[in-house]
Amino acid sequence: MSAVHSVPVVHGDITGANILIDEGGRAKLIDFGLSTVIAPLFGQPHLAVTSIHPGAIHYAAPELLSDDANFNGLPLEKTDIYSFGCVMLQILSGQHPWSEIKCQTPEFRVYGLKRQGHSAQRPNGHPAIMDSDWDMIQKCLRSKFELRPSA
31 MSAVHSVPVV
41 HGDITGANIL
51 IDEGGRAKLI
61 DFGLSTVIAP
71 LFGQPHLAVT
81 SIHPGAIHYA
91 APELLSDDAN
101 FNGLPLEKTD
111 IYSFGCVMLQ
121 ILSGQHPWSE
131 IKCQTPEFRV
141 YGLKRQGHSA
151 QRPNGHPAIM
161 DSDWDMIQKC
171 LRSKFELRPS
181 A
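Heads up: take any position in the sequence shown, counting from 1, add 30, and you land on this note's numbering.
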């Protein structure tokens, strides 16, 4: 992810389905269809950001769903960090983030909860999620993007 952010590009759709593992055990990020150039690229001002398309709602950072006048709506590196925290939760628990929401339209419920500042909950009974892992996941899932770690 730090290689992507060094360009400066925000992936915008980091989910478990968009990460492959190569023969050497290295994670490879794929599907850059929703990527956003967050600054002029290679000195080309015409390659700057033009639109915002948050990816899967369960993995989308809450600021992308906000109508806060203080947020300019542009995806940030920290939006990918939020999604990475969701992927960590998925890998360690074997469940998608927000899987505790059981209703006909969980996407609408997740959308509302994120806008209210709620985070995905730690699944019970998953020994693979150690306290240190959960601490990192919580840091990535902070509702205020300024408080999330960097890649």
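A virtual CB, placed ideally from N, CA and C, is assigned to each residue, including glycine.
Considering Cα atoms alone, identify which of the options is closest to residue i.
{"i": "M118", "options": "S173, L177, S162 and E176", "result": "S162"}
{"i": "L94", "options": "P179, T135, S180 and F175", "result": "F175"}
{"i": "R152", "options": "K144, S129, L143 and S173", "result": "S129"}
{"i": "I44", "options": "K108, R56, G54 and S96", "result": "K108"}
{"i": "S173", "options": "P92, I111 and I49", "result": "P92"}
{"i": "M160", "options": "D97, L122 and S96", "result": "L122"}
{"i": "P200", "options": "W164, Y112, A150 and E137", "result": "The question about residue 200 has no answer here: the residues shown for the chain are numbered 31 through 181."}
By Cβ distance, which residues of its chain are closer than 6 Å to residue i, with the 5 residues on each side in sequence left out?
{"i": "H126", "result": "H88 and Q120"}
{"i": "C116", "result": "Y89 and P127"}
{"i": "G46", "result": "V117 and Q120"}
Reducing DSSP to helix, strand and coil, say where residue i ends up.
{"i": "A47", "result": "helix"}
{"i": "L106", "result": "coil"}
{"i": "K58", "result": "strand"}
{"i": "D161", "result": "helix"}
{"i": "R172", "result": "coil"}
{"i": "I28", "result": "Here the chain comprises residues numbered 31 to 181, so residue 28 is not present and cannot be evaluated."}
By a C-beta neighbour count over all protein chains shown, 10 Å radius and 16 as the cutoff for buried, is residue i buried or exposed?
{"i": "C190", "result": "One cannot answer for residue 190 here, as it falls past the ends of the chain, which runs 31 to 181."}
{"i": "H76", "result": "Its pLDDT being 44, under 50, H76 is placed unreliably by the model, and the measurement read from it follows with that caveat. Burial call: exposed."}
{"i": "F114", "result": "buried"}
{"i": "I51", "result": "exposed"}
Quick one: residues in its chain with C-beta nearer than 7 Å to the C-beta of residue i, no 5 flanking neighbours on either side, listed in chain order?
{"i": "I131", "result": "R139 and V140"}
{"i": "H156", "result": "L122 and S123"}
{"i": "C133", "result": "R139"}
Does residue i come within less than 7 Å of chain C when only Cβ atoms are used?
{"i": "S180", "result": "The chain labelled as chain C is not found in the depicted structure, where only one protein chain is given."}
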